[in-house]
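By my numbering, the letter at position 423 of the sequence shown is numbered 509, and the numbering carries on one by one without gaps. The beta-carbon is built from N, C-alpha and C at its ideal position, and this holds for glycine as well. Note sheet for the following structure.
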Amino acid sequence: MSYCVRRTCGLIGLLIGAALPFQAAAEVHALIMTISEYTAPGASPLKGVQQDGRNAREIARLLGVRDANMVFLRDQELTVNGMRAAFDGLERRIRADDQVFIYYSGHGGRQLVNDGTERCAESLVTVDGNPFIDAELETRLKVLSQKAEKLVVFLDACHSGGVTTRSANQSFAPKYYAKGGGDTCAVPVNILKRNLTYAARSVGSGAQNYVYIAAARDNEVSLDQPGKGGVATQAWLECLGGAAKDLDGSGAISAEEVRICAQERIDTKLRNVAGYSTHHISITGNSNAVLAFAKAAPPPPPPVLAALPAVPTPAAAPAWRPPSAVPPPQPPAAPPVAAPVPPARPPAATAPAPTVAAVTRPPVPIPPPPSLPGLPSLSSLPAPPQVPEVAVSPINTLKDIFSRRDDRRTVTLTAARSTFKIGRDKVQFTLTSSHAGHVYLLMVGSDGKEFDMLFPNQLDKDNQIAAGQTLGLPRPNWQITASGPAGKDQLLAMVTDAPRDFSKLKLIPAGPFSVVAANPVSAKDIQFVTSISSNASSDECGDEVLKRNLRIAKSCSNAFGAAMISIEEVN
């Protein structure tokens, strides 16, 4: 094993795009940089870095990067000028709303600089021992983030003034280099982390499009294992590859859920390492960034009705289905197999809505993910504590979708008032967007049993909005009346570049609107449908030459802005 002893390892981090695994409609590019054989005097070789490069390739694949879009630079290619040329080339390759993954593994360092104020600058150390300092790295990431829709940057490098004074296990080697030796800076400052924290307060800044994940806290030792790579990187890769659990029942896996999984593996691996305690992954920025779909259990086979006792099973009460002033005529429904119970939210008398049965599935254990070919596995370690499965939470599903928005786009959704009288008040909204696109309005009612598709609907399919336009909903030919039960309804508005195909959700008509019962399958499906253009599988979106046309590029874009609010229904 090798180690990074440090007062800070701030640049050992991961800037994760607030998105599901990158989708095919958007082009995804990767820049992977690794240095294991340094030419600088006193810079020790790093035996785990070659494996880190292979791990980075697998992380990139999990994020949807095609091998043809991966650029690898190693050792002698990574001087300061070589790094600058790599970033320049990446900026030239990407187009608007493409997605980017950047990885670096090698030595980190720090040194005093004076850029208006004397401070301790952190740096990536080039092959010849020179610093690629934090301020330049931040500037280059900002340029990329203004062009790319999502930016993922994984920096595996340490910074520690204490490395020369603290005793070390000889089987370890630090991923830290101080040019000229000694303690270059007594008080390091992480400019990336500081500026990320500040930017996260600004709406529309784009700060929510990524998060910063450090392999260890500022006062901890971060460990690297020769031949296998960084301990945190190994754990993160396995958790991102399928080991992480959907702890909040949203249907997707967030950065925080990956962190919890990875931390359990780090704790297990380092529990009995002499001379060192475990180090802790920390997240700055959007910890709700969605990284993967939950591995939902498959639905059970349908029951054999002839073998069941002839006892009617009550159907679950449907959630609120907002009545319409002008409902479309409904054909008579076939008699249901199960005897329905009275709904908690009675539909309008002129527009009876079909009963939606609840879906109840016994928990099915998820097998551990297979080891990735050619990669080291942590599966031989004692298993971390088992995390109990949680029930699906449709509200958390909406929150996950909201967290995937492009934070550079501003969408506002405002209700006419915060509370509405049940059976009396009409619910009205206004919506504005900084970008033109397609509007979708989703709701989870106060009973939390269903996803409601309010707009577009059977009476109003015109969901276009222009940049800067104010859209009033409902329009005069349809309306929404508060119909209980008392409680809060959660509403999510999306404005997407390209249309979304909600037909894949198996929605059931409810008057002019549509609903689907909330369960693990529908939660995962709605995460997927909202994340990707309905044109993603078209020939146009698969043709890189055609996608240079701005109209076609927009039709293939997965980008969207979003707003989320809650309203309260009262008796």
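Nearest CA to the CA of residue 194: which residue from 187, 208, 182?
-> It is 208 whose Cα lies nearest to the Cα of residue 194.
Give the DSSP bridge partners of residue 558, in chain order.
-> 516
In whole angstroms, what separates the C-alpha of residue 179 from that of residue 561?
-> Going from the Cα of residue 179 to the Cα of residue 561 covers about 44 Å.
For residue 164, which residues from the same chain have a beta carbon less than 7 Å from its beta carbon, with the 5 sequence-adjacent residues on both sides left out?
-> 119, 121, 212, 213
Expressed to the nearest angstrom, what Euclidean distance is found between the alpha-carbon atoms of residue 613 and residue 492?
-> 15 Å
Could you tell me whether the Cβ atoms of residue 529 and residue 575 are closer together than 7 Å?
-> yes
Of the listed residues 646, 615, 609, nearest to residue 336 (C-alpha basis) = 609
Beta-ladder partner(s) of residue 207, from DSSP = 197
So the beta strand (DSSP E) residue 495 belongs to, where does it begin and stop?
-> Taken as a continuous stretch (DSSP letters only), residue 495 belongs to no beta strand (DSSP E), as it is neither H nor E.
Could you spell out the range, first to last residue, of the beta strand (DSSP E) harbouring residue 502?
-> Counting along the chain, residue 502 falls outside any beta strand (DSSP E), and DSSP gives it neither H nor E.
With a floor of 3 residues, list each beta strand (DSSP E) that falls wholly inside the stretch 113-201, ordered by position along the chain.
-> 114-120, 156-160, 185-191, 194-200
Would you check if there are 3 or more beta carbon pairs closer than 8 Å linking the stretch 619-639 to the stretch 548-564?
-> no
State yes or no: is the C-beta of residue 549 within less than 7 Å of the C-beta of residue 599?
-> Taking a C-beta distance under 7 Å as the contact criterion, residue 549 and residue 599 do not qualify as a contact pair.
How many Å lie between residue 624 and residue 586 at the Cα?
-> 13 Å
From this set, 578, 148, 519, 320, which residue's C-alpha is nearest residue 135's C-alpha?
-> 320
Less than 7 Å separating the beta-carbons of residue 579 and residue 513?
-> no
Where residue 551 and residue 117 are concerned, what is the direct C-alpha to C-alpha distance, given to the nearest angstrom?
-> 36 Å
Would you tell me roughly how many angstroms separate the C-alpha atoms of residue 160 and residue 188, rounded to the nearest one?
-> 14 Å
What does DSSP give as the partner residues of residue 612 in its beta bridges?
-> In DSSP, residue 612 forms no bridge with anything.
Please confirm if the stretch 509-525 is in contact with the stretch 362-370, defined as three or more CB-CB distances below 8 Å between the two stretches.
-> no
Close Cβ partners of residue 620 (< 8 Å) along its chain, the five nearest in sequence each way excluded = 584, 585, 586, 587
Just the C-alpha distance for residue 488 and residue 504, rounded to the nearest angstrom, thanks.
-> 20 Å
Could you check which residue in 645, 534, 146 has the C-alpha nearest to that of residue 292?
-> The residue with the shortest Cα to Cα distance from residue 292 is 645.
Tell me whether residue 646 sits in a helix, a strand or coil according to DSSP, three-state version.
-> strand
So what does DSSP say about residue 585, is it helix, strand or coil?
-> Three-state result, residue 585: coil.
In chain order, what residues of the same chain have a beta carbon less than 8 Å from the beta carbon of residue 379, not counting five sequence neighbours either side?
-> Contacts found: 106, 107, 337, 338, 339, 610, 613, 614.
Since residue 489 is in the alpha helix (DSSP H), which residue starts that stretch and which ends it?
-> 480-489
Whole-number beta carbon distance between residue 516 and residue 554, since they are thought to touch under 8 Å | With a Cβ gap of about 13 Å, residue 554 and residue 516 do not count as contacting.
Range covered by the beta strand (DSSP E) that runs through residue 536 = In the DSSP annotation of this structure, the continuous segment of the beta strand (DSSP E) that includes residue 536 starts and ends at 536-541.
For residue 606, the three-state DSSP class (helix, strand or coil) | Helix.
Assuming residue 215 contacts residue 129 under a Cβ cut-off of 8 Å, what Cβ separation, rounded to an integer in Å, is found between them?
-> 6 Å
Integer Cβ distance of residue 227 from residue 241, believed to fall under 8 Å | About 10 Å; that fails the 8 Å criterion.
Jot down the residue ranges of each uninterrupted alpha helix (DSSP H) in the stretch 310-348, minimum 4 residues, whole runs only, in chain order.
-> Counting whole runs of 4 or more residues, the stretch 310-348 contains the alpha helix (DSSP H) stretches 317-324.
Just curious, the alpha helix (DSSP H) that residue 221 is in, first and last residue?
-> 220-233
Rounded to a whole number of angstroms, what is the C-alpha to C-alpha distance between residue 607 and residue 127?
-> In this structure, the CA atom of residue 607 is about 57 Å from the CA atom of residue 127.
Please classify residue 592: does DSSP put it in a helix, a strand, or coil?
-> In the structure shown, residue 592 adopts coil according to DSSP, grouped into three states.
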